[in-house]
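Novice: The sequence shown begins at 258 in our numbering and counts up by one. Each residue gets a CB set at the ideal place from its N, CA and C atoms; glycine is no exception.
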Amino acid sequence: MQSGRFPNDSYGDSEKQTFLNYQLNGGGTYKITGRHIVTANIAYLTRAPYFEDAYISPRTRDHVVEGLTNEKVFSVDANYIIRSPYIDGRLTGYYTTFKDQADVLSFYHDVERTFVNYAMSDIDKEHMGMELGLSVKPTSEISVNGVVALGQ
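Okay, structure coming up:
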């Protein structure tokens, strides 16, 4: 639909965006005993930006965020699993990085008295943390579950 505010940039097809992506995954499991298990996983992938983060204001015009590129994600995690008649548990550590992300924030600007769009690109993020989950069985009829997660 043609917008009166952007008559030359709001009607018809926008410029086509093309992204070539791939994903590599690997993982392994080592059984120390039948009750003690260690697992590890690693992944590297690229993905196209989400639609809402690629176009600055898709309701009014067809402008794309400048320098739009694939996001790059690297992730690794390791787990220690214990299984016994009275306790089941998992301790997990993880680390994930996100590179070259884009984000478009739309909000009402009180001073300007209009909606504005704030576009950001080349965003890098880092997530890391540990998680512990336990299930304790004091009797065969009762089970107590708990989870602790620490992350940044």
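For L362, which of F331, N298, V393 and Y375 has the nearest alpha-carbon?
Specialist: Checked all of F331, N298, V393 and Y375; the closest Cα to L362 is Y375.
Novice: Check the C-beta distance from H320 over to Y312 and give it rounded, since I have them as a contact under 8 angstroms.
Specialist: Indeed they touch by this definition, with Cβ atoms about 7 angstroms apart.
Novice: Can you tell me which residues form a DSSP beta bridge with S392?
Specialist: Per DSSP, D345 and N402.
Novice: Just reading off the beta strand (DSSP E) that D334 is part of, what are its end residues?
Specialist: Where D334 is concerned, the enclosing beta strand (DSSP E) stretches over E328 to R340.
Novice: Alpha carbon to alpha carbon, what distance is there between G386 and T349?
Specialist: Taking the straight line joining both Cα atoms gives about 8 angstroms.
Novice: Could you give the C-beta distance for D334 and Y351, rounded to a whole number, given that I count them as a contact under 8 angstroms?
Specialist: At roughly 4 angstroms, the Cβ-Cβ gap stays under 8 angstroms, so D334 and Y351 are in contact.
Novice: Closest by CA to T303, which one among G285, E328 and F364?
Specialist: With distances taken between Cα atoms, T303 lies closest to E328.
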